[in-house]
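> The sequence shown begins at 31 in my numbering and counts up one residue at a time.
Backbone N, C-alpha and C define an ideal beta-carbon position, used for all residues, glycine too.
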Amino acid sequence: MPTSPKLAQAAARHQTHDGEVLESGTNAENLVLEYLGLANSLARRFSGPGRDPEDLLQIARVGLVKAARSFDPRRGVPFVGYAAPTILGELKRSFRDGAWVIRPPRAIQELHGRIVSDYTGLTQQLGREPSIGDLARHLETAPEAVSEAVVCGSYLVPLSIDEARNGIPWAETLRVPEDGLAPEDMIDLDAALDRLSPLERRVLRMRYFHNESQQAIGDQLGMSQVQVSRLLVRVLAKLREMLAWEQAGTLGRSSL
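(1) Whole angstroms is fine: what's the gap from residue 60's alpha carbon to residue 95's?
(2) Helix, strand or coil for residue 108? Go by DSSP, reduced to three states.
(3) Is residue 90 near residue 73, with beta carbons less than 9 Å apart?
(4) Would you decide whether residue 225 is buried or exposed? Buried here means 16 or more other CB atoms lie within 10 Å of its CB.
(5) Apart from the five residues just before and just after residue 157, which ones in its own chain have a Cβ nearer than 7 Å to its Cβ?
(6) Kindly give me the distance between the Cβ atoms of residue 262 and residue 237, rounded to whole angstroms, as I take these residues to be in contact under 8 Å.
(7) Since residue 107 contacts residue 68 with CB under 8 Å, what's their CB separation in whole angstroms?
(8) Express the C-alpha separation of residue 137 and residue 268 in angstroms, rounding to a whole number.
(9) Are the CB atoms of residue 118 and residue 93 nearer to each other than 9 Å?
(10) Using beta-carbon positions only, say whether residue 234 and residue 265 come within less than 9 Å of one another.
(11) Can the beta-carbon of residue 181 be found less than 9 Å from the beta-carbon of residue 145?
(12) First and last residue of the alpha helix (DSSP H) that includes residue 228?
(13) Looking only at its own chain, which residues have a Cβ that is under 7 Å from the Cβ of residue 77, when we skip the five neighbours before and after it?
(14) Check whether the Cβ atoms of residue 121 and residue 148 lie closer than 9 Å to each other.
(15) So the candidates are 161, 227, 164, 114; which of them puts its Cα closest to the Cα of residue 75?
(16) Excluding five sequence neighbours on each side, which residues of the same chain lie with their C-beta closer than 7 Å to the C-beta of residue 173?
(17) Is the beta carbon of residue 141 closer than 9 Å to that of residue 171?
(18) Do residue 70 and residue 135 have their beta-carbon atoms positioned less than 9 Å apart in this structure?
(19) Identify the continuous alpha helix (DSSP H) that holds residue 157 and give its terminal residues.
(20) Helix or strand or just coil, what does DSSP make of residue 248?
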């Protein structure tokens, strides 16, 4: 497709300007300062209930810095055209990949999202909080999968403890920071994992680190799929309780 003279001139002006901005500084800092408004604008596209605006801004600015550091004006692409996809990719990735301490298979993550999305409407429809069976029938999936998805929702770190989305408790609307857990949280998790039995650790590793299906785990361990599902729910609940005790102990010690 031919480029109009006006578009070509505008692109040339952007490239010249971007080059001048780069040349006026010893690094990409000037580009970051020049296009901070772009990052802020893109971050606002992702705003909504349960999403901390400052956290979104930080993620967008990380994308801006990455774009500025790798930008080369000699490629003939204006910086805004190069930076915008990088920033958007950073924001999308933070929601897609940064969500879980123990990362469930993609299908369980998606099911958890559907539960969060439909929970309020189903509660209003039933006139009470839905049971696992209610959710399974509504979502047309197995109760065991719903149980696993609900329990996995506990392994999240809050953006804002006071915020909730669609009436769901805050603990089910949260996200782990992209750079992972704080060292003290990782120590708590490691300590809790050490107190699990060898079978419990093996099942967790097979399901959440090797991404094996419940049926495949059962075949290897001589268990049915339903038995594996129930074991996973028990182990996750046990791990959650141990982490809660660890964190309560840490808070108690810090107040002494």
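In short, the structure shows the following:
(1) 10 Å
(2) coil
(3) yes
(4) exposed
(5) none
(6) 6 Å
(7) Between residue 68 and residue 107 the Cβ distance is about 15 Å, and since that is not below 8 Å, they are no contact.
(8) 23 Å
(9) yes
(10) yes
(11) no
(12) 228-234
(13) 83, 86
(14) no
(15) 114
(16) 162, 163, 166
(17) yes
(18) no
(19) No alpha helix (DSSP H) holds residue 157; DSSP gives it neither H nor E.
(20) helix
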